[in-house]
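Everything on this sheet refers to the single structure shown next.
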Amino acid sequence: MGYAYYPGCSLHGTAKEYDMSSRACLDFLGIEYRELPDWSCCGASSAHSVDHTLAVSLPARNLILAEQMNLPLMTPCTACYSRLRGAHHALRSDPGLARKVLTALGSEYKGRYEPLSILDVLYQYGPEAVGEKVTKKLKELKVACYYGCLLLRPPEYADFDDPENPGKMERLVETTGARAVDWPHRTECCGASLSLSDTKLVVSLATFIVDMAARHGAECIVTACPMCQANLDMRQRGRTKLPVYYVTELLGLAFGLEPKRLGLTTHMVNAMGLLRAKQLA
Amino acid sequence: MIRIGVFVCWCGSNIAGTVDVGKVAEESAKMPGVVHVEQNKYTCSDPGQDSIRKAIKEHRLDRVVVAACSPRMHEMTFRKCAASAGLNQYLVEMANIREHCSWVHSDMSVATPKAVDIVRRAVAKVKRSVPLFPSTIPVEKRALVIGGGIAGIQAALDIAEAGYEVTIVEREPTIGGRMAQLDKTFPTLDCSSCILTPKMVDAASHPGIRILTCSEVEDISGYVGNFQVRLRKRARSIDEARCTACGICISKCPTSRDSEFNMGLGTRKAIYMPFPQAVPNKPTIDREICRHFTEGKCGICQKVCPSGAVDFSQEDQVLNEKFGAVVAATGATQFSVEAYGEYGYGRYPDVITGLELERLISSTGPTDGKIRRPSDGRIPRTVVFIKCVGSRDENKGYPYCSKACCMYTAKHAILLKEKIPGASAYVFYMDVRAGGKDYEEFYQRSQEIGTRYVRGRVSRIYPLDGKLIVQGEDTLLGQRVEVEADLVVLAAAMVPQIDAPEMARKLGISYNQYGFFSEAHPKLRPVETNTAGVFLAGTCQGPKDIPETVAQASAAAVKVISLFAKSELTTNPNVASVDESLCSGCLWCMNVCPYKAIEEKIITERAGKETVTRSVASVNTGLCQGCGACTVACRDGAMNLLGFTNEQILAEVEALCL
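Same order as they appear, the protein sequences are chains U and W.
Our numbering numbers the first residue of the first sequence as 14 and each following residue consecutively.
Our numbering numbers the first residue of the second sequence as 839 and each following residue consecutively.
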């Protein structure tokens, strides 16, 4: 068994540290994965606002590749997750569209495996089992788990957790010994898709989210989304600056992995300061 | 010689708009056995019926086919019409060319031949019809009312006033239902208790009414006029005859739990009365938490009771009784608002439901009528009301409108301002539905006193520094709105009781996709069900407010009274009948009969020179509802449903398919 690993473009660029830390965690936990050979763009952020057929065809190609490997497809990126699951859902529920897409791709798709997020994979591994592998407890670290939108919406197919009141990321993070604060804005929109076109708005959204996390006692934010991470990391303008980690970075740290190997030194808001202050790195 | 008359109806343009009625008449005339054909604009009208009567006499018709609407609509009309012309009413057959044809088609060239086929089917069937004669059954003139809320109480009072005995079965320890939990009622703001409790007392003291509380219906069998009902009266652990309701036992009881009557906002003891005006005014022991039952200790109530009324050994009683009619008044319950994660009900104590607010306003409630926040007991200054929580929302709740919420929210806003001068109220709404006498005026009044109505939905509620931040959208301004509230009240949808489907099965009635009981006809038979002798009152049939509930309860009572006014009932002769000469006595029919209407019968007959004794099936025509399950199960073809014989059905199939 194992998984086909789909990094997507973000993880080769702005979210390099998510790729590094994801691979490091998977390796550490002994979860088998192989990078999907010859993977192509999932079409996120532009295709689906232009052409529905294209928006399904682009991820469908990758789904088919994974099916040919007879492996479930897994991706750390939530935008890829959303597009892959959207395509999987469309191919299975809309026979007309499926025919069109699959004819264009010259292949068939049975849809035996649902595409997964890396959080699903960690969850399948089991929070308890993850907890057993923790060697360095992230005690006293107060984190705000931030889901954003893509993992939870639309709930018809992006159904990682309860769309209004999720809790799975908290469970994973708490296995490291960190304390997940109870805060209500974990599914708020960070505005990433407007980051370039309406920066002012996005700054206000990102700042609000970070402020709220701080007001609820968080010292940092944890996310599983390259868009949220980049956006919150870059656009927060509040008085208190909070570092924004990927789930896999914190897990990796708790597994005792080198901060450098996890990409923790490449953040905009200093990600090491807090960890050093807490003697976690 | 069979002489069939065919009457083709236009139904105005309902049929004639899509079906070439002239052509149908022309083709019908060619069918074997048909001697007379007529068309009519409205066959069900007086002149239309007259023409049938005239034709029966003039053309000596002995069978009639009416090609018109569904038999559920007008079969009885035409049967009565034929009977008045001296024809046995079971020699009339409907050909449904409206619901089955014209209404579902738009192309006349397709609909017309289909209508002809439908008429051909009816002609083939009626040719094989024989006169049938109804019999009569006696009526047990006692009514069973299930549910002791305002609907049940009203129905019982009306039936009892007409001089018939009524039994109210209520599963709670008191009658009163939801209305007893309310503080004031819209649109007059009269106090709910002040108008309800006298009725409860009236019911309790009426010589014709017997109230069984802590009781439930376990099983119902039989048929209209003769229902056999098994009731379970759960042990109250109190000798009602001895108890003087002094209340010492309650004050001394050491165990308590959340009070159901106060929607969990206060507590009650293990020995308790739901509220001071309970009827019967006797306490009940909750055996789930009573220490005597859970730990085998305690018994303090028994020790302190001055009249020796506490009886731990009391057992459930099972009563088998006969009733002639049943009124289902089982009520409704509140939607589980936890489904809306974004509102945070259950996580934030100051997000409450409308019924919870009623308890906070009520002077018999946990705060003695002072509106206080559940979290810290502070008096709220700003209250946000959110309507349509679970109603008109297919994604998280139900698509239907709960009907009462617009008005009770207006009422809550008015009461809030009365109780807390200077408080502000915001109402997030989708539409305001104030249809009803004096309702619109009442809603206007709530606006005039300063309630701010915001058209739009709330997207999130979260706590911040002791307040609840309510984020929503004002769709009229196209803007985001944020209100800092002290208390949020959700107008939860009215939903059927969880066990409504089970109750429907016991009653043999149908229910809709949500679980509300179905009336026989949405307009013309609103309180009847499809099972004769079972009537509906109140919110078990659909969301309603109090005036509508009371009106329906009285209507149901009238139906019961008119049933009881007859000394006997005429039965439907469309029942199963056994051809004993064909029956092999396998009794498969007994297994499939849902009404337990088939019994084994031993017959003795001569076979050649010998006398043989064997068993055959026998139908109890009083119990048989004519469903036809046995005719399908019968491998010998010995079972026939009169009016729908195997021969008739085969003839219909042939007429349609060959």
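Each residue gets a CB set at the ideal place from its N, CA and C atoms; glycine is no exception.
Which same chain residues, not among the five before or five after L97 of chain U, have their C-beta less than 8 Å away from its C-beta?
Within the first sequence, numbered from 1, the residue matching residue 97 of chain U stands at position 84. Closer than 8 Å at the Cβ level, and outside the excluded window around L97 of chain U, lie Y19, C55, P72, N75, L76, L86, T88, P128.
If you check the beta carbons only, do Y31 of chain U and Y259 of chain U fall under 8 Å apart?
Looking up residue 31 of chain U in the first sequence gives position 18. Looking up residue 259 of chain U in the first sequence gives position 246. Yes, these two residues count as a Cβ contact at 8 Å.
Alpha carbon to alpha carbon, how far is V957 of chain W from L1494 of chain W? Give it in angstroms, no decimals.
Here the question's residue 1494 of chain W lines up with position 656 in the second sequence. Here the question's residue 957 of chain W lines up with position 119 in the second sequence. Taking the straight line from one Cα to the other gives about 9 Å.
T1247 of chain W in three-state terms, based on DSSP:
Translated into the one-based positions of the second sequence, residue 1247 of chain W becomes position 409. The answer is helix: DSSP assigns T1247 of chain W an H, G or I state.
Counting only Cβ-Cβ distances shorter than 9 Å, please list the residues of the stretch 1282-1309 of chain W near chain U, keeping chain order.
R1298, I1299, Y1300, P1301, L1302, D1303, I1307
For Y1497 of chain W and L1461 of chain W, I'd like the C-alpha separation in whole angstroms.
Nothing can be reported for residue 1497 of chain W: it is not among the residues displayed for chain W, which extend from 839 to 1496.
Measuring straight from C-alpha to C-alpha, what distance separates K150 of chain U and H229 of chain U?
In the first sequence, counting from the first residue as 1, residue 150 of chain U sits at position 137. In the first sequence, counting from the first residue as 1, residue 229 of chain U sits at position 216. Those two C-alpha atoms are separated by around 22 Å.
Cβ shell of Q887 of chain W (< 6 Å), same chain only, five flanking positions each side left out
Against the second sequence, residue 887 of chain W aligns to sequence position 49. Excluding sequence neighbours, Q887 of chain W sits near C919.
S1053 of chain W burial status per 10 Å Cβ neighbour count (16 or more: buried)
In the second sequence, residue 1053 of chain W corresponds to position 215, counting from 1. By the 10 Å Cβ count, S1053 of chain W comes out buried.
Against chain W, which members of the stretch 172-189 of chain U pass a CB distance test of less than 8 Å?
D175, P176, E177, N178
Of the choices W:I975, W:T950, W:N926, W:S1174, whose alpha-carbon is the least far from that of K1404 of chain W?
Within the second sequence, numbered from 1, the residue matching residue 1404 of chain W stands at position 566. Nearest C-alpha to K1404 of chain W: W:I975.
Interface residues of chain U around E1232 of chain W at Cβ under 9 Å?
By 1-based counting over the second sequence, the position of residue 1232 of chain W is 394. Near E1232 of chain W there are no residues of chain U at all, since even the closest Cβ is about 13 Å away, more than 9 Å.
Of the residues W:Y1110, W:V904, W:K1361, W:V1156, the one placed nearest V1067 of chain W, counting alpha carbons only:
Here residue 1067 of chain W refers to the residue found at position 229 when the second sequence is read from its first residue. Measuring from the Cα of V1067 of chain W, the nearest candidate turns out to be W:V1156.
Between K113 of chain U and T189 of chain U, is the Cβ-Cβ spacing less than 8 Å?
Position 100 of the first sequence holds residue 113 of chain U. Position 176 of the first sequence holds residue 189 of chain U. Result no, Cβ atoms of K113 of chain U and T189 of chain U do not sit closer than 8 Å.
Closest Cβ-Cβ distance between P197 of chain U and chain W: below 8 Å?
Locating residue 197 of chain U in the first sequence gives position 184, where the first residue counts as 1. So, interface residue.
Cβ shell of V862 of chain W (< 8 Å), same chain only, five flanking positions each side left out:
What you label residue 862 of chain W is simply residue 24 of the second sequence in a count that begins at 1. So the qualifying residues of the chain are V846, A905, I935, T950, A953, V954, V957.
R980 of chain W bridges to which residues according to DSSP?
Here residue 980 of chain W corresponds to residue number 142 of the second sequence, with the count starting at 1. In the DSSP output, where bridge partners are listed per residue, R980 of chain W has W:E1003.
Taking a Cβ distance cut-off of 8 Å, strictly less, list which residues of the stretch 1158-1179 of chain W are near chain U, in chain order.
Y1178, G1179
Between which two residues does the alpha helix (DSSP H) harbouring V1396 of chain W extend?
Mapped onto the second sequence, residue 1396 of chain W falls at position 558. 1384-1402 is the extent of the alpha helix (DSSP H) around V1396 of chain W.
Other residues of its chain near L1034 of chain W: CB distance less than 7 Å, five sequence neighbours each side excluded
Here residue 1034 of chain W corresponds to residue number 196 of the second sequence, with the count starting at 1. For L1034 of chain W, where only same-chain residues beyond five positions count, the Cβ hits under 7 Å are I988, G1014, M1017, A1018.
Quickly, what does DSSP pair S1059 of chain W with across the bridge? List them, please.
Along the second sequence, read from residue 1 onward, the residue named residue 1059 of chain W stands at position 221. S1059 of chain W is bridged to W:Q1066.
Would you tell me roughly how many angstroms separate the C-alpha atoms of E999 of chain W and A962 of chain W, rounded to the nearest one?
Position 161 of the second sequence holds residue 999 of chain W. Position 124 of the second sequence holds residue 962 of chain W. Approximately 51 Å between the Cα atoms of the pair.
Contiguous beta strand (DSSP E) assignments of at least 3 residues, all confined to the stretch 1068-1117 of chain W
1094-1096, 1105-1107
Using C-beta distances below 7 Å, list every residue in its chain close to D1474 of chain W, excluding the 5 sequence neighbours before and after it, in chain order.
Taking the second sequence and counting its residues from 1, the one referred to as residue 1474 of chain W is at position 636. Within the same chain, D1474 of chain W has close Cβ partners L1420, C1421, S1422.
Assumed close pair V235 of chain U, L255 of chain U - CB separation to whole angstroms, cut-off 8 Å
Numbered from 1 along the first sequence, position 222 holds the residue referred to as residue 235 of chain U. Numbered from 1 along the first sequence, position 242 holds the residue referred to as residue 255 of chain U. At roughly 10 Å, the Cβ-Cβ gap does not stay under 8 Å, so V235 of chain U and L255 of chain U are not in contact.
Specify, as a first and last residue, the run of the alpha helix (DSSP H) that N75 of chain U falls within.
The residue labelled residue 75 of chain U in the question sits at position 62 within the first sequence. N75 of chain U -> alpha helix (DSSP H) spans 65-81.
Helix, strand or coil for S1456 of chain W per DSSP?
For the purposes of this step, residue 1456 of chain W is taken as the residue at position 618 of the second sequence. Three-state DSSP puts S1456 of chain W in a strand.
Supposed contact pair K1120 of chain W and E1076 of chain W - C-beta distance, whole angstroms, cut 8 Å
Along the second sequence, read from residue 1 onward, the residue named residue 1076 of chain W stands at position 238. Along the second sequence, read from residue 1 onward, the residue named residue 1120 of chain W stands at position 282. Looking at the sequence itself, residue 1076 of chain W is Ile, so the reference to Glu does not match. Going by Cβ atoms, the distance from I1076 of chain W to K1120 of chain W rounds to 5 Å, so yes, they are a contact pair.
Tell me the rounded alpha-carbon separation between D884 of chain W and Q1463 of chain W.
As a working mapping, residue 884 of chain W is identified with position 46 in the second sequence. As a working mapping, residue 1463 of chain W is identified with position 625 in the second sequence. So the alpha carbons of these two residues sit roughly 32 Å apart.
Name the two residues that bound the continuous alpha helix (DSSP H) containing M911 of chain W.
Translated into the one-based positions of the second sequence, residue 911 of chain W becomes position 73. First-last of the alpha helix (DSSP H) with M911 of chain W: 909-922.
M1428 of chain W: first and last residue of the uninterrupted alpha helix (DSSP H) it sits in
On the second sequence, residue 1428 of chain W is found 590 positions in, with the first residue counted as 1. Unbroken alpha helix (DSSP H) run through M1428 of chain W: 1426-1430.
To which residues of the same chain is V196 of chain U closer than 7 Å at the C-beta, ignoring the five residues directly before and after it?
What you label residue 196 of chain U is simply residue 183 of the first sequence in a count that begins at 1. Reading off the sequence shown, one finds Trp at residue 196 of chain U, where the question assumed Val. Here the set comprises A157, M225, A226, H229, A231.
Going by C-alpha distance, which of U:Y160, U:I131, U:D172 is nearest A193 of chain U?
The sequence position of residue 193 of chain U within the first sequence is 180, counting from 1. The shortest C-alpha separation from A193 of chain U is found at U:Y160.
Could you tell me how far apart the beta carbons of A867 of chain W and V903 of chain W are, in whole angstroms, since I believe they sit closer than 8 Å?
Taking the second sequence and counting its residues from 1, one reaches residue 867 of chain W at position 29. Taking the second sequence and counting its residues from 1, one reaches residue 903 of chain W at position 65. 12 Å between Cβ atoms; not a contact.
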